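Asks: I am attaching a structure below and will ask some questions about it afterwards.
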Amino acid sequence: MPRDRTLRELIVQAIRDVEATHTGELTQAAFGEATLDRWGKLLPKPHGEASSLQKWLWPVPLRNSTRQMSELLHKLDYLVELGVRVQCPNTCNEAIVRQYALRCADRKPSVSHRIQPAIRRL
Numbered sequence: 070m071p072r073d074r075t076l077r078e079l080i081v082q083a084i085r086d087v088e089a090t091h092t093g094e095l096t097q098a099a100f101g102e103a104t105l106d107r108w109g110k111l112l113p114k115p116h117g118e119a120s121s122l123q124k125w126l127w128p129v130p131l132r133n134s135t136r137q138m139s140e141l142l143h144k145l146d147y148l149v150e151l152g153v154r155v156q157c158p159n160t161c162n163e164a165i166v167r168q169y170a171l172r173c174a175d176r177k178p179s180v181s182h183r184i185q186p187a188i189r190r191l
């Protein structure tokens, strides 16, 4: 039985290989280089009151906020206009997409979000 460190390195390498394969397949089969380049140029541009399209798309609405829920529906319509709603290739199964989403969700927040202001009490 291989040692834990060796086993961990093999798992990390296997995940990287799968992600690289799926990135290539999504680039070629589903979207294409031109579409990905267009999205890459749109994301950093300002959108409405947000400093970038990515920051406008990122926040999750509050549970009972009808204004934020309607904004979410507007975001979904905008993504459909951009052509994001495309059928994923068969090789991108649900388990792999879930693993990637969990990995993105577990990322550390940006430095500005990690800084906690000092709490002032009277």
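The numbers in the numbering used here rise by one with no breaks, and the one at position 32 of the sequence shown is 101.
A virtual CB, placed ideally from N, CA and C, is assigned to each residue, including glycine.
Quick caveat, the model's predicted, so the values are computed rather than measured.
1. By DSSP's criteria, histidine 116 is part of a beta bridge. Which residues make up the other side?
2. Can the beta-carbon of leucine 171 be found less than 8 Å from the beta-carbon of tryptophan 108?
3. Roughly how many angstroms separate the alpha carbons of leucine 111 and glycine 101, rounded to a whole number?
4. Confirm the yes/no value for this check: CB of isoleucine 165, any heavy atom of the ligand MG, distance under 7 Å.
5. Can you tell me the Cα-Cα spacing of lysine 114 and alanine 164, whole angstroms?
6. Please report how far the alpha carbon of leucine 76 lies from the alpha carbon of alanine 83, in whole angstroms.
7. Looking at the unbroken alpha helix (DSSP H) that takes in lysine 110, where does it start and where does it end?
Replies: Concretely, from the data shown:
1. Ala119
2. no
3. 16 Å
4. Judged by which ligands are present, the structure shown has none, so any question about the ligand MG falls away.
5. 32 Å
6. 11 Å
7. 102–111
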